[in-house]
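In our numbering, the protein residues as written are 52 to 332. Heads up, the beta-carbon is just placed ideally off N, CA and C, and yes, glycines get one too. Structure first, then comments.
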């Protein structure tokens, strides 16, 4: 299934794509796409519905973040071998964990707002993993059974905030609009191998990131299992699994976002995003 949220910010409804790619209004059956709605039993109930029986949405308008809210927005750093190389870092021995503030969530076509004092805002196309059940001490063998679905994420990052100021990376990852998610939550049954997905990002029409998830140092299976040894993952948690090479930080000379730039990004089978960059007011 491909599930989404449509409508004005703060008033989104839940939808489902039918076989023809048209939006059907799912809100009578699933008012809020978040948390317990992502458990296996809940998704099975939705899967049993006939999309043709749901109201057709002729003009869905704005598409919101694919989840209404998330308990935790986790990220994995330096998880593509070529990206680690371009930043001059060695491949990590264990997954590097950090978080984005959940207030960074935004729609896949909403503008990205550059913070007032930003000098080094950067782009990062990523595969997002959405947890579907409480997950603690899960084995690698069983880890994918705990995934509800996948989505496209742009892990927008302010590199000076992230690396040149004291403290942790979360400061450079968490500005409002720095977490576009969607356009869809694609359920796990439609993604048989999360390590075989092409992903790319174009900046102003120029392809700057072009890779696939086989270059990940730690697979989705390994990441979910690893994280569950330290914390309980909850239904609706998002894990952004790292970005491939081609970020502005790794270019020579370095290149960063400025107002007027346009980012277009995609992950195979999960849809596309497009964001225009604007300055903070």
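For residue 131, the three-state secondary structure derived from DSSP is strand. DSSP places residue 67 in the strand class (E or B) of the three-state scheme.
Looking at the DSSP output, residue 315 sits in a beta bridge with 253 and 325. In the three-state reduction of the DSSP assignment, residue 75 falls in the strand class, which pools E and B. The segment 89-99 makes no contact with the segment 137-146: fewer than 3 CB pairs, one atom from each, lie closer than 8 Å. For residue 266, the CB contacts under 7 Å within the same chain, skipping 5 residues up- and downstream, are 131, 132, 133 and 295 in chain order.
Beyond the five residues adjoining it in sequence on each side, residue 122 comes within less than 6 Å, by CB distance, of 285, 287 and 288 in the same chain, given in chain order. Partner residues in a beta bridge of residue 117, as assigned by DSSP, do not exist. The beta carbon of residue 224 sits closer than 6 Å to those of 151 and 208, all from its chain and outside the five residues before and after it, given in chain order.
Ranked by Cα distance from residue 231, the options 68, 185, 314 and 188 are led by 314. Assigned with DSSP and collapsed to three states, residue 154 falls in helix. The C-beta distance from residue 164 to residue 234 rounds to 19 Å, too long to meet the 8 Å contact threshold. The C-beta separation of residue 56 from residue 119 comes to about 6 Å, placing the pair in contact by the 8 Å criterion.
Cβ contact annotation for residue 261 (same chain, cutoff 6 Å, sequence separation greater than five): 251, in chain order. For residue 94, no pairing in a beta bridge is given by DSSP. The Cβ atoms of residue 175 and residue 328 lie no closer than 7 Å to each other. If the five residues before and after residue 71 are omitted, its C-beta is found closer than 6 Å to no C-beta atom of its own chain. Taking a 10 Å sphere around the C-beta of residue 216, we find fewer than 16 other C-beta atoms and assign the residue as exposed.
Residue 113 has its alpha-carbon roughly 11 Å from the corresponding atom of residue 62.
Residue 270 places its beta carbon 7 Å or farther from that of residue 188. With fewer than 16 other beta carbons inside 10 angstroms of its own, residue 167 counts as exposed. Here residue 53 is buried: its Cβ has 16 or more other Cβ atoms, across all protein chains shown, within 10 Å. Between residue 107 and residue 73 the beta-carbon gap is near 6 Å, inside 8 Å, which marks them as a contact. In this structure, residue 127 lies near residue 293, with their beta-carbon atoms less than 7 Å apart. For the pair residue 245 and residue 264, the Cα-to-Cα distance works out to about 7 Å.
Secondary structure remark: continuous alpha helix (DSSP H) runs of at least 4 residues inside the segment 230-286, in chain order: 271-279. As the crow flies, the alpha-carbon of residue 254 is around 11 Å from that of residue 306.
If you look at residue 201, you'll find it in the beta strand (DSSP E) that goes 198-205. Here the C-alpha atom of residue 87 lies approximately 15 Å from the C-alpha atom of residue 98.
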